[in-house]
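4 protein chains.
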Amino acid sequence: MAGQGRRGRGTPEERADVIAAAALSEFAEKGFAAARIDDIARRAGISKGTVYLYFDSKELLFEEVIRRYIVPRIERATGAGEGKSLTAEATLRIIIRQFYREIVGSDLRYIMRLLIAEGGRFPHLLRFYHAEVISRGMKAVTETLRRGVDSGEFRSSAIVEFPHVIAAPAVLAMLWKLLFDDFQPLDLERLAEAHTDIILNGLRSRREDVQPGAGA
Amino acid sequence: MAGQGRRGRGTPEERADVIAAAALSEFAEKGFAAARIDDIARRAGISKGTVYLYFDSKELLFEEVIRRYIVPRIERATGAGEGKSLTAEATLRIIIRQFYREIVGSDLRYIMRLLIAEGGRFPHLLRFYHAEVISRGMKAVTETLRRGVDSGEFRSSAIVEFPHVIAAPAVLAMLWKLLFDDFQPLDLERLAEAHTDIILNGLRSRREDVQPGAGA
Amino acid sequence: MAGQGRRGRGTPEERADVIAAAALSEFAEKGFAAARIDDIARRAGISKGTVYLYFDSKELLFEEVIRRYIVPRIERATGAGEGKSLTAEATLRIIIRQFYREIVGSDLRYIMRLLIAEGGRFPHLLRFYHAEVISRGMKAVTETLRRGVDSGEFRSSAIVEFPHVIAAPAVLAMLWKLLFDDFQPLDLERLAEAHTDIILNGLRSRREDVQPGAGA
Amino acid sequence: MAGQGRRGRGTPEERADVIAAAALSEFAEKGFAAARIDDIARRAGISKGTVYLYFDSKELLFEEVIRRYIVPRIERATGAGEGKSLTAEATLRIIIRQFYREIVGSDLRYIMRLLIAEGGRFPHLLRFYHAEVISRGMKAVTETLRRGVDSGEFRSSAIVEFPHVIAAPAVLAMLWKLLFDDFQPLDLERLAEAHTDIILNGLRSRREDVQPGAGA
DNA sequence: AATGAATGAGACTTCATTCAT
DNA sequence: AATGAATGAAGTCTCATTCAT
Chain B
1 MAGQGRRGRG TPEERADVIA AAALSEFAEK GFAAARIDDI ARRAGISKGT
51 VYLYFDSKEL LFEEVIRRYI VPRIERATGA GEGKSLTAEA TLRIIIRQFY
101 REIVGSDLRY IMRLLIAEGG RFPHLLRFYH AEVISRGMKA VTETLRRGVD
151 SGEFRSSAIV EFPHVIAAPA VLAMLWKLLF DDFQPLDLER LAEAHTDIIL
201 NGLRSRREDV QPGAGA
Chain C
1001 MAGQGRRGRG TPEERADVIA AAALSEFAEK GFAAARIDDI ARRAGISKGT
1051 VYLYFDSKEL LFEEVIRRYI VPRIERATGA GEGKSLTAEA TLRIIIRQFY
1101 REIVGSDLRY IMRLLIAEGG RFPHLLRFYH AEVISRGMKA VTETLRRGVD
1151 SGEFRSSAIV EFPHVIAAPA VLAMLWKLLF DDFQPLDLER LAEAHTDIIL
1201 NGLRSRREDV QPGAGA
Chain X
2001 MAGQGRRGRG TPEERADVIA AAALSEFAEK GFAAARIDDI ARRAGISKGT
2051 VYLYFDSKEL LFEEVIRRYI VPRIERATGA GEGKSLTAEA TLRIIIRQFY
2101 REIVGSDLRY IMRLLIAEGG RFPHLLRFYH AEVISRGMKA VTETLRRGVD
2151 SGEFRSSAIV EFPHVIAAPA VLAMLWKLLF DDFQPLDLER LAEAHTDIIL
2201 NGLRSRREDV QPGAGA
Chain U
3001 MAGQGRRGRG TPEERADVIA AAALSEFAEK GFAAARIDDI ARRAGISKGT
3051 VYLYFDSKEL LFEEVIRRYI VPRIERATGA GEGKSLTAEA TLRIIIRQFY
3101 REIVGSDLRY IMRLLIAEGG RFPHLLRFYH AEVISRGMKA VTETLRRGVD
3151 SGEFRSSAIV EFPHVIAAPA VLAMLWKLLF DDFQPLDLER LAEAHTDIIL
3201 NGLRSRREDV QPGAGA
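Protein chains in written order, with this note's numbering: chain B, 1 to 216; chain C, 1001 to 1216; chain X, 2001 to 2216; chain U, 3001 to 3216.
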């Protein structure tokens, strides 16, 4: 009763998943060049040759893996506060919290590291990531900011054009975890609070509107 | 007629500098594993063997290069608004501007990328970078924040313990330049303004003090 | 149709044997440092990389090869005149003859040369050779000498403690074959006779016992 | 008043001597291939380039060194018991003692090792060594043996044609010192006695002449 | 004559990829 | 479909030799 493609440890797609997962671990740990196909195979519990039945080359395996692990995250990360009728501030709080939860604290940070490290050699991946993850996320933030400005919650400022800034502390936290956490650990919970605090405080309207004047 | 030890294109130290510069370029472009000693040599205008007269191995060359390019930056970057009697806000503005100028806009961002990419294999470099660059920078920011709080310029908040947040948008800008600038260029000048604007606005004291901690 | 693991030119063990044999030839001909893995591979009819599937490094290949060629010789060489009830003299004659046959005339002399040449860098091999070959051989000779003295066949002399001397002419013959045979060939048969003759004549008891110790 | 060729540390010949001595040590310790010109130069207290002012290549340096250190030994070693009117036995005793003293116990054994190890690649050296050292030594022994047979001191035997056998234990002792002395030290003095004892005993005439008969 | 920096051929070793079984 | 032995290109590092000073 076992379908056509079956054999041993699952369907072909399941097989490919196992390989991709093993590959992700190896790439994340060692980087593209230093990861060995042999180790990926061993980790996946198969032989080296089998890897090539599912992926044509190390480069394609790498690209496939990145793509495969980015997409599902997007689904979860976006559409956080969607559809609910919340204040702009409440929406932003949710987005930021989601960001820490889904990306900074998860193993997606290893994918981020891979993109930073190997992006130069895989520009399509960067483009893909930019289009599928970054742009979407930024759009969500921008819309919320605009809504807040329109409703009078937020003061009007250039920040609307630079939603990057809103997410920046979370990205930094991600890097910190990767690089310096061994030397000086970072309390993500409290950082997230300080982050939310200062950003929202910076956004809120006040009576007297400040003139920025970033001049020397 | 010029001193001892000369030959060809300069003193031994100049020669080492040339090699280090070439190595930095190659490492920055390709990463540690993919950079080839041969290419570094060619770029430095010397032969493969000569590299080994100045650096004992590829690993040591890498470490040496990173260190060599971090140290001089520190000198310049530290002591930004030192010694002058400025308001805390003015000092922060100067620090942030300096940050964009010295790090985000300079080739130090390639060093950062290398550290992110290869840090796992060179933990001493991470420790070194943390001690020499990050810690110092954070101390300068922390002190200024504290001064602002003491003088009443800034409201009191957890941010004093998380100076990371202050610098975060600049770090993000650096990453953006490395990764996505080709797809969606970033106007550093205006980003810096938006950054300064929101951060300082977020820090300033107001009449009604905000209650933070909108946590989970 | 033949078992598992087959491929090309035989079982893995046969393959390792072929490589070891090729390596022995190359090492014997050129010495450790001057032998090239590439040549060993070519001689074995395989590619360079394959050598490393069977032996982890040039050094280990060398050690393994030496060991591999010493052990089987031991089996054959020891137990020469064992178990038979012969006079001590007859036993010695057999041992000496065996010695010429198994060592001097065989390719074990190339192993000896390698040990002499490279022993400094491979002390474990020297220790191994001493323990497995030299010690055993010397014990066999010593026992026979002692038996001869006890039975009155041989006169009592310091030679019992220096069985080296008994074997010395054969060792010399081995060296000669390696070094000078091209210039002045050595007739092994007749040398062996002269050797046996003088040694046994030197050992035999006579009426008047000689006073040794003509020392300095 | 310093001649023409003088400078710094001695005449050119003295310089060459220093280099040759350093080279001998390095070659003896490491073998031809593993010895580095740089180390030889350092040991000689000069720079690498200078070696090439005195010797055209590593190979020629090696050959020169061997030759240079063999010749003076010959002068001393040969002509041991020459010219004196001694019995054949007394002459042999002197020759054997001289052999142990000049060769086995001296650093000439390192030269011997070099010849054994590298002889294959330097056949002229082997030929030279054979002609200048071995042949002469063997001639001296042969003549003494013949004298002893003629005078009735020694019994007539095939040994006259195999003077190698007479020297063999000393050669073996030399090898032993090189290879196994660390594991099982050899008392040269007592070995020399046992050697002399058995050889001379084997040579001496007796009443009943033995028939060798090396048969099965 | 002496130096020692520079060269570049050459050797070991790794590993992505292929392919016979 | 799966295996894993085999391949060989490529990369790091060494060191004999050269040569400008």
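We treat Cβ as the ideally placed atom computed from N, Cα and C, and that holds for glycine.
Since the model is a prediction, treat every value here as computed from it, not as a measurement.
Paired residues, beta bridge with F2154 (chain X) - DSSP: X:R2204, per the DSSP bridge assignment.
Other residues of its chain near I2096 (chain X): CB distance less than 6 Å, five sequence neighbours each side excluded: Counting only Cβ-Cβ distances below 6 Å, and skipping sequence neighbours, we find T2196.
C-alpha distance - I3046 (chain U) paired with D1038 (chain C), whole-angstrom precision: Answer to the nearest angstrom: the Cα atoms are 31 Å apart.
Proximity test, Cβ basis, 9 Å: S57 (chain B) and chain C: Not one chain C Cβ lies under 9 Å of S57 (chain B).
Sequence-distant residues of the same chain with beta carbon closer than 7 Å to V1160 (chain C), five excluded per side: If we look at V1160 (chain C) and ignore the five residues flanking it on each side, its Cβ neighbours are T1142, L1145, R1146, V1149.
First and last residue of the uninterrupted alpha helix (DSSP H) at H1164 (chain C): In this chain, the alpha helix (DSSP H) harbouring H1164 (chain C) covers 1164–1179.
Inter-stretch contact at 8 Å, needing at least 3 Cβ pairs: the segment 1098–1118 of chain C / the segment 1165–1174 of chain C: Because the criterion of three Cβ pairs below 8 Å is met, the segment 1098–1118 of chain C and the segment 1165–1174 of chain C touch.
Meets three-Cβ-pair contact criterion under 8 Å: the segment 2019–2037 of chain X and the segment 2047–2063 of chain X: With a cut-off of 8 Å, the segment 2047–2063 of chain X and the segment 2019–2037 of chain X count as touching, because enough Cβ pairs lie within range.
Under 9 Å (Cβ pairs) to chain C, residues found in the segment 115–128 of chain B: Along the segment 115–128 of chain B, the positions whose C-beta sits under 9 Å from a C-beta of chain C are L115, I116, A117, E118, G119, G120, R121, P123, L126, R127, read in chain order.
Test item: CB-CB of I259 (chain B) and L108 (chain B) under 9 Å: Coverage of chain B is limited to positions 1 through 216, which leaves residue 259 (chain B) absent and any answer about it impossible.
Same chain, Cβ closer than 7 Å to R93 (chain B), five either side skipped, listed in chain order: Exclusion of the five residues before and after R93 (chain B) leaves T196 as the residues of its chain whose Cβ lies within less than 7 Å of its Cβ.
Closer than 9 Å to chain X by CB, E3161 (chain U): Taking Cβ atoms only, chain X reaches closer than 9 Å to E3161 (chain U), which makes this a yes.
Residues of the segment 3144–3155 of chain U with Cβ closer than 9 Å to any Cβ of chain X, in chain order: Listed by position, the residues of the segment 3144–3155 of chain U near chain X (Cβ gap below 9 Å) are R3155.
Burial state of A131 (chain B) (16 or more Cβ within 10 Å): Under a 10 Å Cβ-count criterion, A131 (chain B) is classified as exposed, with fewer than 16 other Cβ atoms of the shown protein chains found around its own Cβ.
Buried versus exposed call for Q2098 (chain X) [16 or more other C-beta atoms within 10 Å across all chains shown]: Burial state of Q2098 (chain X) is buried, judged by a 10 Å Cβ sphere holding 16 or more other Cβ atoms.
For R2067 (chain X), the nearest candidate out of X:I2019, X:H2164, X:L2125 (CA to CA): The residue with the shortest Cα to Cα distance from R2067 (chain X) is X:L2125.
Close Cβ partners of T87 (chain B) (< 7 Å) along its chain, the five nearest in sequence each way excluded: Cβ within range, chain order: E153.
Members of the segment 2190–2209 of chain X that neighbour chain U once the beta carbon cut-off is set at 9 Å: Of all residues in the segment 2190–2209 of chain X, R2190, L2191, A2192, E2193, A2194, H2195, T2196, D2197, I2198, I2199, L2200, N2201, G2202, L2203, R2204, R2206, R2207 have a Cβ within less than 9 Å of some Cβ in chain U.
Chain U contact for F2183 (chain X) (CB, 9 Å cutoff): Yes, because at least one Cβ of chain U sits closer than 9 Å to the Cβ of F2183 (chain X).
Beta-carbon separation (whole angstroms), L1203 (chain C) vs I198 (chain B), contact threshold 8 Å: Contact flag correct, Cβ pair sits at about 7 Å.
Residue from X:F2128, X:R2042, X:T2050 whose Cα sits closest to the Cα of P2012 (chain X): If you compare the alpha carbons of X:F2128, X:R2042, X:T2050 with that of P2012 (chain X), the shortest gap goes to X:T2050.
Three-state secondary structure assigned by DSSP to F3032 (chain U): F3032 (chain U): coil per DSSP, three-state reduction.
R2043 (chain X) versus X:S2156, X:L2024, X:L2200, residue with shortest Cα-Cα distance: R2043 (chain X) has its Cα closest to that of X:L2024, out of X:S2156, X:L2024, X:L2200.
Partner residues on chain B for S1157 (chain C), Cβ-Cβ distance less than 9 Å: In chain order: A194, D197, I198, N201.
Distance between L2053 (chain X) and Y2110 (chain X) (C-alpha atoms, nearest Å): Take the alpha-carbon of Y2110 (chain X) and the one of L2053 (chain X): they are about 26 Å apart.
Inter-residue spacing [alpha-carbon to alpha-carbon] between R3113 (chain U) and S2156 (chain X): Taking the straight line joining both Cα atoms gives about 34 Å.
Length of the line joining the Cα atoms of L1179 (chain C) and L1115 (chain C): The C-alpha of L1115 (chain C) is placed about 15 Å away from the C-alpha of L1179 (chain C).
Residue range of the unbroken alpha helix (DSSP H) whose run includes L186 (chain B): Counting along the chain, L186 (chain B) sits inside no alpha helix (DSSP H), nor does DSSP assign it H or E at all.
Near-chain X residues of the segment 3089–3114 of chain U - C-beta to any C-beta below 8 Å: Along the segment 3089–3114 of chain U, going in chain order, the ones with a CB nearer than 8 Å to a CB of chain X are R3093, R3097, R3113.
Cβ neighbour criterion (16 or more within 10 Å) applied to E14 (chain B): With fewer than 16 Cβ atoms within 10 Å of its Cβ, E14 (chain B) is classed as exposed.
Buried/exposed call for G3031 (chain U), threshold 16 Cβ in 10 Å: G3031 (chain U) should be labelled buried.
Where G2148 (chain X) falls: helix, strand or coil (DSSP): The answer is helix: DSSP assigns G2148 (chain X) an H, G or I state.
Reduced DSSP category for I2103 (chain X) - H, G, I as helix; E, B as strand; rest coil: Note: I2103 (chain X) maps to helix in three-state DSSP.
DSSP state of T226 (chain B) mapped onto helix, strand, coil: It is not possible to answer for residue 226 (chain B), since the shown part of chain B is limited to 1 through 216.
Contact residues within the segment 2163–2179 of chain X, judged by C-beta distance below 9 Å to chain U: Listed in sequence order: H2164, V2165, I2166, A2167, A2168, P2169, A2170, V2171, L2172, A2173, L2175, W2176, L2178, L2179.
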